[in-house]
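Below you'll find the structure, written out as structure tokens, and then a few comments.
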Amino acid sequence: VLTAENLGAPQKFVQSGVLDTKSKMTSALLFHPFETVLVAVDEQNVVNFWNYEAGSKISALDNGNGPNGASCRTTALAWMNPNHNSLLVTATDDGVAKVWRSPCQGAE
């Protein structure tokens, strides 16, 4: 059983950076398993790619709206083939899934 006594001094969390898109809300986050990339989706369905070590935005893409201009929200993200030529899958609450090629190129 872990206790304060056998863990030693309490560890402090240190903020290492702020990645600010100036949006009102973040609807989804996903770290790449091997690259220094964090994907953050905002309330406008803009998918932002960040190099979290450098604290810099790599790129962004518009995940789009539903049919006839209906608003939808990105609800899920997943990496496919993360070892080589990663693909990002986005899913929205209108039932649409999209596959995006090479979103991590230029990450390092």
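If you count by my numbering, then the sequence shown holds residues 1 to 108, one letter each, in order. Cβ atoms here follow ideal geometry from the backbone N, Cα and C, with glycine treated the same way. Predicted, not measured: the structure shown is a model, and the values here were computed from it.
Separation of residue j from residue i, as counted between CA atoms
i	j	result
A76	A28	7 Å
A91	T74	6 Å
K57	H32	14 Å
W96	D62	Per the sequence shown, residue 96 should be read as Val rather than Trp. Looking at the two C-alpha atoms, the distance is approximately 14 Å.
H84	L38	17 Å
Whole-angstrom C-beta distance between residue j and residue i, which should lie under 8 Å
i	j	result
N48	D42	7 Å
Bridge partner(s) assigned by DSSP for residue i
i	result
K57	W50
T92	T74
Reduced DSSP secondary structure (H/G/I, E/B, other) of residue i
i	result
R73	coil
- Whole runs of the beta strand (DSSP E) within the segment 7-46, excluding any shorter than 3 residues: 26-31, 37-42
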